[in-house]
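Residue numbers (the working numbering): 1379 to 1682.
Even glycine gets a Cβ: it sits at the ideal position worked out from N, Cα and C.
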Ligand code: SF4
């Protein structure tokens, strides 16, 4: 569904401008029933070339490793994943479930779910850590809950136009072009972060969401404030904390009561600090920032 909202480029642009032939998609695919099964079998056997397998959703292994709890086109979905991943030139995992297992893989993980090549932070996943597609590349992970539609289409264009080798991946096989900077990069609340002015309610324009509402923007790798949603906004711009959904640990603290939208602290200091910041350094910087805070930092400066 996120893919259908893409704008730069759009799903239509992929077909008309970049020559992609979308063989099948849950909402766009024409084949149903036996015709779909034949299409998938042809792709798996190689009689129909499969350039890019784009997989969304977790891989369900329950019960007892059979995958019978998630059947698709006449057999366990996991068996299609095995066959199609072996046949595809490139494999792209979209969203947290396909990349790391996502919410279904959260303990106690009753569906025995895994991502394609990771289970949370552990390398391996369903296909195994040594898996590479026919092109020689491992699974390209585009996480997010959901993944931004333009991250999806821009990666597909890069692969389809022969520039896949230029896609540099980080340690979690995420394209560095999207997942090196932080959600905080480009956030309109950075000055409130700097002067430790806190927002304590959702939807307010003033204040940073880090100090009370659990914003994970300083330790989450995503371009959410560079490549905006619907070209105009983001969670933090709308007054909603970043929940860290592009990181393997999402959902953080396993959704324990009291851990959602609430900054977890140890003796008054946030338990999770901005990446690379030490606790003592954080205390010194925030004390100085509070003391140096100008009067306007306490005002709503986004006056219409
Ligand atoms: S902590 Fe969150 S709200 Fe505050 S500046 Fe960073 S991204 Fe924006």
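- The beta carbon of residue 1670 is closer than 8 angstroms to those of 1573 in its chain, skipping five residues each way along the sequence.
- In this structure, the straight-line span from the alpha carbon of residue 1467 to that of residue 1392 is close to 18 angstroms.
- In the DSSP annotation of this structure, the continuous segment of the beta strand (DSSP E) that includes residue 1433 starts and ends at 1430–1434.
- Our two residues, residue 1575 and residue 1424, have alpha carbons roughly 59 angstroms apart in a direct line.
- Not one heavy atom of the ligand SF4 is found less than 8 angstroms from the C-beta of residue 1622.
- Counting only residues of its own chain and dropping the five nearest sequence neighbours on each side, residue 1529 has a CB closer than 6 angstroms to the CB of 1520, 1556.
- Residue environment: residue 1597 is assigned as buried (16 or more neighbouring CB atoms within 10 Å of its CB, all protein chains considered).
- With a cut-off of 8 angstroms, the C-beta of residue 1571 is classified as near the ligand SF4, since at least one heavy atom of the ligand falls inside that distance.
- A residue is called buried when at least 16 other Cβ atoms come within 10 angstroms of its Cβ; residue 1403 does not meet this threshold and is exposed.
- Listed in chain order, the non-local C-beta contacts of residue 1640 below 8 angstroms within the same chain comprise 1590, 1591, 1592, local neighbours out to five positions each way being set aside.
- Membership of residue 1517 in any alpha helix (DSSP H) is not indicated, and neither H nor E is assigned to it by DSSP.
- Annotation for residue 1536: the continuous alpha helix (DSSP H) segment containing it runs 1527–1538.
- Taking 9 angstroms as the cut-off, the beta carbon of residue 1505 is found no closer than this to the beta carbon of residue 1543.
- As DSSP reads the structure, residue 1643 sits in a beta bridge with 1648.
- Here the alpha carbons of residue 1498 and residue 1654 stand approximately 21 angstroms from one another.
- Linking residue 1387 to residue 1524 through their CA atoms gives a straight-line distance of about 17 angstroms.
- In terms of Cβ geometry, residue 1624 and residue 1567 do not form a close pair [threshold 9 angstroms].
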